[in-house]
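If you number the sequence shown the way this note's numbering does, the last residue is 743 and the count never jumps. Structure first, then comments.
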Amino acid sequence: MKKILFVTSEVHPLIKTGGLADVSSSLPKALAELGQEVKLILPNYRSLKLNHEPTLRSVFLIGKHTVRILETFLPDSQVPVFLVDCPEYFGLVGNPYVDGFGNSYVNNAERFTLFCRAAIEVAMNRAELDWKADIVHCNDWQTGLIPALLSLESLCPQTVFTIHNIAYQGLFNGLTASVLQLPPQLLSPDGLEFHGMLSFIKGGLAYSDKITTVSPTYAQDIQTPELGYGLEGLLIYRNDDLTGIINGIDADWNPEIDSLITQKYSVETLHDKAENKKSLQSCLNLPVNENIFTIGLISRLVEQKGIELILDCLPELLGLPIQLVMLGSGDKNFEQRLHQFAEAYPHKMALTLGYDEKLAHLIEAGADVFLMPSLFEPCGLNQMYSQSYGTLPIVRSTGGLADTVVDTLPKTIANKTATGFVFHAENSGALLETIKRALLLHDFPDAWKKIQTNAMTRDFSWKSSAEQYLALYESIESIEFTQ
Ligand code: ADP
Numbered sequence: 261m262k263k264i265l266f267v268t269s270e271v272h273p274l275i276k277t278g279g280l281a282d283v284s285s286s287l288p289k290a291l292a293e294l295g296q297e298v299k300l301i302l303p304n305y306r307s308l309k310l311n312h313e314p315t316l317r318s319v320f321l322i323g324k325h326t327v328r329i330l331e332t333f334l335p336d337s338q339v340p341v342f343l344v345d346c347p348e349y350f351g352l353v354g355n356p357y358v359d360g361f362g363n364s365y366v367n368n369a370e371r372f373t374l375f376c377r378a379a380i381e382v383a384m385n386r387a388e389l390d391w392k393a394d395i396v397h398c399n400d401w402q403t404g405l406i407p408a409l410l411s412l413e414s415l416c417p418q419t420v421f422t423i424h425n426i427a428y429q430g431l432f433n434g435l436t437a438s439v440l441q442l443p444p445q446l447l448s449p450d451g452l453e454f455h456g457m458l459s460f461i462k463g464g465l466a467y468s469d470k471i472t473t474v475s476p477t478y479a480q481d482i483q484t485p486e487l488g489y490g491l492e493g494l495l496i497y498r499n500d501d502l503t504g505i506i507n508g509i510d511a512d513w514n515p516e517i518d519s520l521i522t523q524k525y526s527v528e529t530l531h532d533k534a535e536n537k538k539s540l541q542s543c544l545n546l547p548v549n550e551n552i553f554t555i556g557l558i559s560r561l562v563e564q565k566g567i568e569l570i571l572d573c574l575p576e577l578l579g580l581p582i583q584l585v586m587l588g589s590g591d592k593n594f595e596q597r598l599h600q601f602a603e604a605y606p607h608k609m610a611l612t613l614g615y616d617e618k619l620a621h622l623i624e625a626g627a628d629v630f631l632m633p634s635l636f637e638p639c640g641l642n643q644m645y646s647q648s649y650g651t652l653p654i655v656r657s658t659g660g661l662a663d664t665v666v667d668t669l670p671k672t673i674a675n676k677t678a679t680g681f682v683f684h685a686e687n688s689g690a691l692l693e694t695i696k697r698a699l700l701l702h703d704f705p706d707a708w709k710k711i712q713t714n715a716m717t718r719d720f721s722w723k724s725s726a727e728q729y730l731a732l733y734e735s736i737e738s739i740e741f742t743q
């Protein structure tokens, strides 16, 4: 049994800005179910949603700051969560990274350095909690200083650093290092320095025992100049310690038990899926017609997600016998351009701007296909949700999309592995051709149903991902042992 301190800057349902929060909730629970002793640690943000008052466990000083460690539990679980309480850093209104106006906190480097130092005190059993970690599992740049600072300690836990999206690196002015009082031996180009800047993510990449990212293909992608954001050289150097482990999906993304959809269904009762399409159409004021090919999309409307490719082919796409249902928010320019199309084609396209959990579930249940033409995608969740709802994903072959969707080809139809539609080129022509390919196949209900069945019976559970993390933790120890 391993004692694992899982360090994260967000966790669902306490606080969430993106996929990291989902992983931070599901993976520790899955590891606990495998018999491991996992504890989470995250900052005690003012906007945390807590069901109970947390318990005060420890008080200590970091520099001139008084830090209190509070303890609560992940809702509906026995997994303990330590909260690093330091109101001058985490007591502000806003999300974990930006203030109420959407601007990054000017003291983000100080905030997350304090968080890292507090996590180290807990991991090293110096916070009077009578617990020492075997493994410190760090996530994204906010935790990057932990492996760096721990490398200077003796008898320290092993470290794993997970990259959820390498586009976010925690880069600060080089002079910040002295404000943070970071040990000078960490500041070389082999360490935290990055072209004269201070890079938090490099702390994780240069000093952790193992690096993971959230899919095998993304682990390869980030070793290229196109997707490595300047860190490809370091990642190639650490290639032997870098693994890709695909995220799982939560058990509630399952059409058999989903209470947010109109009609539950399973692979045996696939005909009931049509009820969800009709209710989706009616609640979005589209013509109700269970036979029309319905394309869904739920996404942050940002460049990464390939929204430009969709916009480029929309005039032609909307000329086909289809309906398009989009839910998302993000870049104002994308929002506006999509809105213009939705206004011009009210019978074919419904655009909902904003965040809507219930509508997201209904789109997954009601659409025939789901669009995800991302330019890059570390893992991606919606293409996995879509498969479990029998809503065939149309994806670009990148990162986690390449690892989780099997293209429909004569060979994959024959060997029953086909689960969706995949294209490669980063252009709207390739996207449109692939949508047309899906539209053609949809005219053959028996063939379509077979692919839905393949998709719905795939295992995207957290259990198998957690087993891979556990094997990784265990592999670090065995290397030490054999040395
Ligand atoms: P990323 O983390 O890059 O945004 P993922 O596919 O990994 O992309 O995860 C996105 C998650 O957020 C999914 O659960 C998706 O359904 C959800 N989501 C994104 N936008 C919205 C929205 N506008 N309304 C509801 N859910 C959304």
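We treat Cβ as the ideally placed atom computed from N, Cα and C, and that holds for glycine.
- Between Leu291 and Val283, the beta carbon gap of about 12 Å keeps them out of contact (Cβ cut-off 8 Å).
- Bounds of the alpha helix (DSSP H) holding Gly463 are 460–467.
- Given a length threshold of 3 residues, each whole run of the beta strand (DSSP E) inside the segment 551–630 is given here in chain order: 553–561, 582–590, 609–613.
- Buried is the label assigned to Gln712, since at least 16 other Cβ atoms lie within 10 Å of its Cβ.
- Just so you know, the alpha carbons of Pro444 and Val420 end up roughly 23 Å apart.
- In this structure, Ser589 and Gln402 do not form a Cβ contact; the two beta carbons are roughly 23 Å apart against a cut-off of 8 Å.
- Setting aside the 5 residues that flank it on each side, Leu431 is surrounded in the same chain by Met457, Ser459, each with a C-beta closer than 6 Å to its C-beta; the list follows chain order.
- In the DSSP annotation of this structure, the continuous segment of the alpha helix (DSSP H) that includes Arg371 starts and ends at 368–383.
- Here DSSP, grouped into helix, strand and coil, assigns Pro340 to strand.
- Residue pairing for Leu652: DSSP places it in a beta bridge opposite Val629.
- For Asn433, the uninterrupted beta strand (DSSP E) run begins and ends at 431–433, by DSSP.
- By the beta-carbon neighbour count (other beta carbons within 10 angstroms, threshold 16), Glu413 is exposed.
- When the beta-carbon positions are compared, Asp663 and Thr477 come within less than 7 Å of each other.
- In this structure, the CA atom of Asn551 is about 12 Å from the CA atom of Leu699.
- Put simply, the backbone Cα of Ile509 is about 22 Å away from that of Leu502.
- Residue pairing by DSSP places Asp345 opposite Arg328 in a beta bridge.
- Taking C-beta atoms as the reference points, Thr677 and Val665 fail to come closer than 7 Å.
- Here Ala437 is buried. Its C-beta has 16 or more other C-beta atoms within 10 Å.
- One alpha carbon belongs to Asn549, the other to Asp394, and they sit about 57 Å apart.
- By the C-beta criterion, the segment 511–519 is judged not to be in contact with the segment 593–605, since fewer than 3 inter-stretch pairs fall below 8 Å.
- His531 is the residue among Pro575, Glu734, Leu691, His531 whose C-alpha sits nearest the C-alpha of Trp708.
- As a beta-bridge residue in DSSP terms, Gln418 pairs with Ile395.
- Of the other Cβ atoms in all chains shown, 16 or more fall within 10 Å of the Cβ of Ile505; this residue is therefore buried.
- Spanning the alpha carbons of Glu617 and Gly556 requires a straight line of approximately 14 Å.
- Excluding sequence positions up to five before and after Gly434, its CB lies within less than 8 Å of the CB of Glu453, Gly456, Met457, Leu458, all in the same chain and listed in chain order.
- In the DSSP assignment, Glu297 falls outside any alpha helix (DSSP H) and lies within the beta strand (DSSP E) extending over 297–303.
- When the five nearest sequence neighbours on each side are left out, the beta carbons in the same chain lying within less than 8 Å of the beta carbon of Ile426 are those of Ile461, Thr473, Ile482, Leu487, Gly488, Tyr489, Leu491, Pro638, in order along the chain.
- In terms of side-chain proximity, the C-beta atom of Ile558 is found nearer than 6 Å to a non-hydrogen atom of the ligand ADP.
- Taking Ser688 as the centre and dropping the five residues before and after it, the same chain places the C-beta of Leu569, Asp572, Cys573 closer than 6 Å to its C-beta, in chain order.
- Beta-carbon to beta-carbon, Met716 and Ser648 are separated by about 6 Å, close enough to satisfy the 8 Å threshold.
- Contact between the segment 361–369 and the segment 332–342 is absent, with fewer than three C-beta pairs closer than 8 Å.
- Nearest Cα to Tyr729 within the set Leu352, Leu316, Cys416, Lys289: Lys289.
- In the DSSP assignment, Lys470 falls within the unbroken beta strand (DSSP E) covering 470–473.
- Short note on Asn642: C-beta closer than 6 Å to some heavy atom of the ligand ADP.
- The ligand ADP has a heavy atom closer than 6 Å to the beta-carbon of Asp616.
- Straight-line spacing of the CA atoms in Leu622 and Ser724 works out to 27 Å.
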